[in-house]
Amino acid sequence: MIELGELISSVGGWSNIYVVKDAPNMCVKVLAPHRKYQGEKPDPNLVSKKKYGIDDMLEFEYANYQKIIECVPDALKKYFVRIDGMYMTSIGVRGLVMERVMTAEGTTAPSLDHYKGKALPDAFFCRLEQLRRDILHKYSLDHFGVARRNVLVRDEQTPVLIDFQKNRRIYRSQINLYIPYFTRQKVKRNFQRLYREAKVQDWTKVSELNCSE
């Protein structure tokens, strides 16, 4: 059983993130009814079942993570949060246990939309674009959740992707998303939006990448 420690994030609409007690380099994500739906704050799984056809949001996220990480070469795995799996927690619900992404100063890494340091260098965004091209685009992976809130800043050179929940299942009416070309285009648009919101160039248009370590 996983003992919960300090609450480190409740920003997400459907979850809380806690440090794992006695394991400060690990954290656990548990569902929490933060977001209003039809005037109430219901169990997130009830909402995901009704809206998206997803029975268990965290199990769904873990399955999507496993699908993606299988395609990631060892040299690039440090740019994806490490997820260990689903475990029962001390509050009586199962949680998704994962690496706690830390800065060199020993604090929890901020997300890109909460980053308050100096302007990030090109190397940071070059690496993000490499992840898109060499993994998500190459294998037509449907990680549609790419956004500034889901990119952590470990340091000025190192983005870390988190949160592998797709927005929805693919319904029969969305037949185009079964086709790899349309999956790649959808992911590309999400990265373009991220670059635009971060006020940097559109890295999808850079012909050759030269990402420094």
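Residues in the sequence shown are numbered from 1 upward in steps of one, following full-length UniProt numbering. Glycine included, C-beta positions come from ideal geometry on N, C-alpha and C. A quick note: this is a predicted structure, and the numbers were derived from the prediction, not measured.
When the Cα atoms are used, L58 and V200 turn out to be separated by approximately 32 Å. A direct Cα-Cα distance of roughly 32 Å separates Y115 from I54. Of the candidates N16, I2, L31 and H137, the residue whose Cα lies closest to the Cα of A23 is I2. Contact between S111 and R154 fails: their C-beta atoms lie close to 11 Å from each other, not under 8 Å.
For the beta strand (DSSP E) assignment, the uninterrupted runs of no fewer than 3 residues enclosed by the segment 67-99 are, from N- to C-terminal side, 83-88 and 94-99. Taking 8 Å as the cut-off, the Cβ atoms of R82 and M102 do not count as close. Residue burial is scored here from C-beta neighbours: Y181 has fewer than 16 other C-beta atoms within 10 angstroms and is therefore classed as exposed.
If you ignore the 5 residues before and after E61, its C-beta comes within less than 6 Å of the C-beta of F164 and Q165, all in its own chain and listed in chain order.
Look at Y139 here: in three-state DSSP terms it is coil, with no helix or strand label.
Of the residues assessed, N25 falls on the exposed side of the cut-off, its CB having fewer than 16 other CB atoms within 10 angstroms.
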